[in-house]
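Residue numbers (the numbering used here): 9 to 95.
Using N, Cα and C, we set each Cβ at its ideal position, and we do this for glycine too.
Every value quoted in this text rests on a predicted model; they were computed, and no experiment measured them.
First comes the structure, then the notes that go with it.
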Amino acid sequence: TQVVMLRVGNASVAVPATLIEIVRRASPADIEAAYANAAYVHTGQSLPFFWLGALLQLSPRSSEPVTRTLPVVVIRSAQQRIVLHVD
9 TQVVMLRVGN ASVAVPATLI EIVRRASPAD IEAAYANAAY VHTGQSLPFF WLGALLQLSP
69 RSSEPVTRTL PVVVIRSAQQ RIVLHVD
């Protein structure tokens with residue numbers, strides 16, 4: 009199985025590539041808005057937004073320094089999609 013490796017703090021997670029719709033970079037302002045609304049707008053649709061570390065019970069929020077852009081991953085399973093913030 010081909011996988012996409014995602015890093016959250018010191019942990020790495022392998023996600024099957026068939027579940028990954030897109031990996032993209034978002035501005036810090038977009039990420040802050042997504043955290044405030046628990047939703048991220050992707051291709052005109054508001055999708056549920058999560059920090060992967062919180063889903064894995066590793067940390068409440070990223071401890072990486074804020075840069076010009078931050079990575080997000082759109083995960084798709086059947087007709088459902090979510091957006092994950094990763095390191």
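Starting from residue i, trace the alpha helix (DSSP H) both ways and give me its first and last residue.
{"i": "L63", "result": "L60 to L63"}
For the beta strand (DSSP E) that residue i lies in, which residues bound it at each end?
{"i": "A47", "result": "A47 to H50"}
{"i": "A25", "result": "Premise fails: A25 is in no beta strand (DSSP E) and is neither H nor E."}
Would you call the CB atoms of residue i and residue j closer than 7 Å?
{"i": "L14", "j": "V94", "result": "yes"}
{"i": "V8", "j": "Y48", "result": "A question about residue 8 goes unanswered here, because the residues of the chain that appear run from 9 up to 95."}
{"i": "V12", "j": "V23", "result": "yes"}
{"i": "A120", "j": "P68", "result": "Summary: the structure shown does not reach residue 120, with the chain confined to residues 9 through 95, and so no result is reported for it."}
{"i": "I39", "j": "L78", "result": "yes"}
Take residue i as the anchor and find which of the options has the nearest alpha-carbon.
{"i": "I16", "options": "Q88, L66 and G52", "result": "Position check: residue 16 holds Val in this sequence, whereas Ile was assumed. Nearest option by C-alpha distance: L66."}
{"i": "A19", "options": "L78, S85, L92 and L60", "result": "L60"}
{"i": "R76", "options": "A37, L27 and A25", "result": "A37"}
For the stretch 52-94, list the alpha helix (DSSP H) runs that are entirely contained and at least 4 residues long, ordered along the chain.
Runs of the alpha helix (DSSP H) inside the stretch 52-94: 60-63.
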